[in-house]
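Asks:
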Ligand code: CA
């Protein structure tokens, strides 16, 4: 049925569109890239038989390929790095007895030291936000003519109007909180009738959704973030596009997407792709089935699509000056293609960082996806950062329960999770978090308990990895995923004109919100320059009586973290930690400034974490 629908669209398009070029993608490129090849997708009515010519010093046409649809040409160029200079030139498309079509193309000069850009790392704390739900800086773009879904704040699954301007206006807030990087859920166009606010059904990979702003607005947002010392991570989606993606009406190739006689959904069973016992039907269904009715599954094995996508990622890094990429639904993609993608990016930008969404259920499942992981399949993903969903799962319950050393409960959950670090190729490149835009709100799980929140954040900011916090957590925003995703993605109070409170300023926050915000802000700002936390070694002790103790240390510094998960004050016998304490006699708590004499046993208040800088 899908094929028939697509064929119908092709006929419609062929009969109505005049002989002009509708798209050339990427719209421009740069000289001086490490990879000297460039594939141009040219889309225009019946252009497939045209001859392609370019006269420009250093540019050679390597290949011109037709697609299945007559309305495409894929032109591969080689740009001689010694000869090709930045500038504009004409691409001429000719055919006997037809007027010549001329496309003007630009090769730009790269930014200074573009290839040396430094990606996010364990020295950063990432602030994850959803642009539609964070702040509405421009109500004139809430509804745009080209997009059928209009603003409706009463609908929790609808668009609420947040945008890039709103994000840019509150950079100081994020900076004050102490985060150093922003990960925003996707900003590219999602042209569809409903449920477009989340951004994961992209209809144009080269265009910011006009309800968020323009491509230029995004470039300006990144520049403004950089001015404030904040890095920007772009959320990308290679597994699926939106059902109204521009190419769905005229697919270049039949296998540009995975097609089935009738709607076929993925089985969501990521284990199949490394299961040596997996059946082919299960494996194929996982990889090729659609994520959702509105999200066609892209075929990463189609070399034209995959080159298109790799270039698209590099185009956004170079054009918007990005510091990182977060890639959606990582295991759902063809795994060799993903390895090629990650390698192409890190070849071009060796110090860049990419994190993949690895929402899997065991540490070995997650470790498999990290660059240089040792596994029996000899697979190397080239993906630097994976998401520690195991630690996230431990955090969802560990402060609501207590456990003995032989149980996986309470503080033992944290200890047990960290004890599996031998599986990971790089423990500093693990994204660590208590919640994100797809999970239960953490404050909901903690029932708003401030003491538990403080313990959790003290842990996240001092253990190994790259901490990520989810917008609104810092003011106690809550929500129940069981009521739908909209409930865990509520509007940030103060982000909309006329909001009854404004949590972006201390004055607008309640005393309890300020306590939460101030605690986190102090902790994050302290963490900024603590190399010992970013990259130091970690020694942990088996939790005794639900008190978890670990040390972070390097040649210069040593930090002792003590988390008392009990509902009563406890005495900690310090002599048990002699191998880490050595001759250290005093520790100063980062949050309160209180000094502790470590030569004797110390008293730890109920449900508190101490972060002691040791002297
Ligand atoms: Ca708006």
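Numbering (this note's numbering), first residue to last: 6 to 620. No residue lacks a Cβ here, since even glycine has one placed at the ideal position from N, Cα and C.
1) Taking the CB atoms as reference points, tell me whether residue 167 and residue 139 lie closer together than 7 angstroms.
2) At what residues does the alpha helix (DSSP H) containing residue 366 begin and finish?
3) Assess, as a yes-or-no matter, whether the stretch 475-486 is touched by the stretch 125-143 under the definition of 3 or more beta carbon pairs within less than 8 angstroms.
4) Considering only DSSP beta bridges, list what residue 45 is partnered with.
5) Restricting to Cα atoms, I'd like to know which of 502, 481 and 507 is closest to residue 655.
6) Do you know whose CA, among 258, 260 and 295, lies nearest residue 269's CA?
7) How many Å lie between residue 609 and residue 574 at the Cα?
8) Any residue with its C-beta under 6 angstroms from a non-hydrogen atom of ligand 1 counts. Can you list them all in chain order?
9) Smallest Cα separation from residue 92: which of 604, 82, 171 and 112?
10) Please report the residue range of the alpha helix (DSSP H) in which residue 543 lies.
11) How would you label residue 195, buried or exposed, when you count the other beta carbons within 10 angstroms and need 16 or more for buried?
12) Go through its chain and collect everything with a Cβ distance to residue 348's Cβ below 6 angstroms, but skip five positions before and after it.
13) What would DSSP say about residue 22, mapped onto helix, strand or coil?
14) Please list, in chain order, all residues of the same chain as residue 518 whose beta carbon is under 8 angstroms from its beta carbon, the five residues on each side excluded.
15) So is residue 232 buried or exposed if we call it buried at 16+ other beta carbons inside 10 Å?
16) So within the stretch 510-590, which uninterrupted beta strand (DSSP E) runs reach at least 3 residues, ignoring any that extend past its ends?
17) If we call anything under 7 angstroms between Cβ atoms a contact, is residue 416 one with residue 551?
18) Excluding five sequence neighbours on each side, which residues of the same chain lie with their C-beta closer than 6 angstroms to the C-beta of residue 612?
19) For residue 328 and residue 338, what's the separation of their Cα atoms in angstroms?
20) Under 7 angstroms between the Cβ atoms of residue 359 and residue 330?
21) Specify whether the stretch 163-180 and the stretch 215-226 touch according to this definition: at least 3 beta carbon pairs, one from each stretch, less than 8 angstroms apart.
22) When burial is assigned at 16 or more other CB atoms within 10 Å of the CB, is residue 151 buried or exposed?
23) Less than 6 angstroms between C-beta atoms, sequence neighbours within five positions excluded: which residues of the same chain meet that for residue 242?
24) Nearest-angstrom Cα distance between residue 274 and residue 502?
25) Comparing the C-beta of residue 382 with each C-beta of chain D, is any distance below 7 angstroms?
26) To the nearest angstrom, report how far apart residue 197 and residue 157 are at their CA atoms.
27) For residue 178, count neighbouring Cβ atoms within 10 angstroms of its own Cβ and tell me buried if that reaches 16, exposed if not.
28) Classify residue 382 as buried or exposed, calling it buried when 16 or more other Cβ atoms lie within 10 Å of its own Cβ.
Replies: Once the coordinates are examined:
1) yes
2) Premise fails: residue 366 is in no alpha helix (DSSP H) and is neither H nor E.
3) yes
4) DSSP lists 80 as partners of residue 45.
5) Past the edges of the chain, shown from 6 to 620, lies residue 655, and the structure says nothing about it.
6) Of 258, 260 and 295, the residue nearest in Cα terms is 295.
7) 6 angstroms
8) 141, 143, 144, 146, 147, 166 and 168
9) 112
10) Careful: residue 543 lies outside any alpha helix (DSSP H), inside the beta strand (DSSP E) at 542-549.
11) buried
12) 387
13) Low per-residue confidence applies at residue 22: pLDDT is 34, beneath 50, and the placement is therefore not dependable enough to give any value.
14) 480, 481 and 508
15) Looking at its Cβ environment, which holds fewer than 16 other Cβ atoms inside 10 Å, residue 232 is exposed.
16) 542-549, 552-558, 563-569 and 575-577
17) yes
18) 456
19) 23 angstroms
20) Their beta carbons are under 7 angstroms apart, which means residue 359 touches residue 330 by this criterion.
21) yes
22) Counting Cβ neighbours within 10 Å, residue 151 comes out exposed, since fewer than 16 surround it.
23) Around residue 242: 205, 207 and 333.
24) 44 angstroms
25) Of the protein chains in the structure, only one exists, and it is not chain D.
26) 15 angstroms
27) buried
28) exposed
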